[in-house]
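K.L.:
Mind looking over this structure? Questions follow.
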Amino acid sequence: MKRVFITGGARGIGRAVAECYRAAGWEVVAPGRDELDLSRPDAVEAYIARHGGVLEVDALVNNAGINNIIPIRDLELSDWQLMQDVNLTAPLLLTRHAAAAMARKGWGRIVNISSCYSFVTRGGRAAYSATKAALNSLTRSAAVEYGRDGILVNAVCPGFIGTDLTRKNNSPEELAALCAQVPLGRLGTPEEIAGLVFMLGSEANSYITGQTLVIDGGYLAQ
Ligand code: NAI
6 MKRVFITGGA RGIGRAVAEC YRAAGWEVVA PGRDELDLSR PDAVEAYIAR
56 HGGVLEVDAL VNNAGINNII PIRDLELSDW QLMQDVNLTA PLLLTRHAAA
106 AMARKGWGRI VNISSCYSFV TRGGRAAYSA TKAALNSLTR SAAVEYGRDG
156 ILVNAVCPGF IGTDLTRKNN SPEELAALCA QVPLGRLGTP EEIAGLVFML
206 GSEANSYITG QTLVIDGGYL AQ
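Residue numbers (my numbering): 6 to 227.
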């Protein structure tokens, strides 16, 4: 049985990704924040050390991410650092440890959940967009460095997705305004994102690597 490690697998997009892998017969490892706090690089290293110093998995999905909306003029270095740690440093560390195990088997898949805000942005997203653009870059670097080990690394860039959080943070009017900006006229679903993640992060993918795939109902095409 193949094993996948998913960060932030308890809700939203991560939960849908976990369900997708489970339905295909994979073992899913998805530690909660109490077990693995991605905002602390030392805690990530300690988690790996507690598990034998290696992340023994066939696929890794770096899904957890935070998007604290703060304009540049008010952005404290601590806000900037927190988003760097969760959205970029944790994926780097987990990639390194997972790739070590994958390389021994000569097979592995890594999918990073980025965002369409890695290509465009809105006010208040300076830190978020910077981390996601850097995650796209890390995706390409890892694809280049680990290609000969049979490890394929890609990023998925969702547009506006109807997660619980999106619905909680936006009034019905705001949700309607978001949908009006999307050529398909609606939010994406976590299951639609999960389907693409699973395709890239499983045996279905044998030759796509180093790519950033946008899944946004056409939002960025305008
Ligand atoms: P969410 O807020 O529902 O879930 C995020 C997950 O990350 C949660 O399970 C949370 O516990 C985990 N997490 C956050 N900080 C953590 C920490 N310090 N340690 C461990 N876990 C932590 O978010 P959602 O919407 O499901 O997003 C998942 C990914 O998709 C994120 O990387 C986000 O940036 C990206 N994304 C989401 C979009 C959307 O419309 N929902 C659009 C574009 C990208």
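In this text, a Cβ means the ideal position worked out from N, Cα and C, and glycines have one as well.
Compute the distance between the beta-carbons of residue 201 and residue 218, then report whether it is under 8 angstroms.
P.N.:
yes
K.L.:
The ligand NAI and residue 159: does the residue's C-beta get closer than 7 angstroms to at least one heavy atom of that ligand?
P.N.:
no
K.L.:
Tell me whether residue 4 counts as near the ligand NAI, meaning its Cβ is closer than 7 angstroms to at least one heavy atom of that ligand.
P.N.:
With the chain represented from 6 up to 227, any question about residue 4 goes unanswered, as that position is not in the structure.
K.L.:
What would DSSP say about residue 165, mapped onto helix, strand or coil?
P.N.:
coil
K.L.:
From this set, 127, 22 and 34, which residue's C-alpha is nearest residue 72's C-alpha?
P.N.:
127
K.L.:
Could you have a look at residue 190 and say whether DSSP puts it in helix, strand or coil?
P.N.:
coil
K.L.:
Excluding the five sequence neighbours on either side, which residues of its own chain have a C-beta within less than 7 angstroms of the C-beta of residue 106, listed in chain order?
P.N.:
59, 60, 61 and 62
K.L.:
Between which two residues does the alpha helix (DSSP H) harbouring residue 149 extend?
P.N.:
131-151
K.L.:
Would you kindly work out how many angstroms separate the C-alpha atoms of residue 220 and residue 135, rounded to a whole number?
P.N.:
19 angstroms
K.L.:
What is the rounded straight-line gap between the Cα of residue 120 and the Cα of residue 161?
P.N.:
7 angstroms
K.L.:
Any heavy atom of the ligand NAI within a distance shorter than 7 angstroms of the CB on residue 69?
P.N.:
yes
K.L.:
According to DSSP, is residue 174 part of a helix, a strand, or is it coil?
P.N.:
helix
K.L.:
Are the beta-carbon atoms of residue 188 and residue 223 separated by less than 8 angstroms?
P.N.:
yes
K.L.:
Rounding to the nearest angstrom, what Cα-Cα distance links residue 186 and residue 18 in this structure?
P.N.:
Cα to Cα, the separation comes out at about 21 angstroms.
K.L.:
Per DSSP, what are the beta-bridge partners of residue 118 in this structure?
P.N.:
161
K.L.:
Excluding sequence positions up to five away, which residues of its chain have a Cβ less than 6 angstroms from the Cβ of residue 69?
P.N.:
12, 13 and 43
K.L.:
Look at the Cβ atom of residue 23, then the Cβ atom of residue 77, and state whether they are nearer than 8 angstroms.
P.N.:
no
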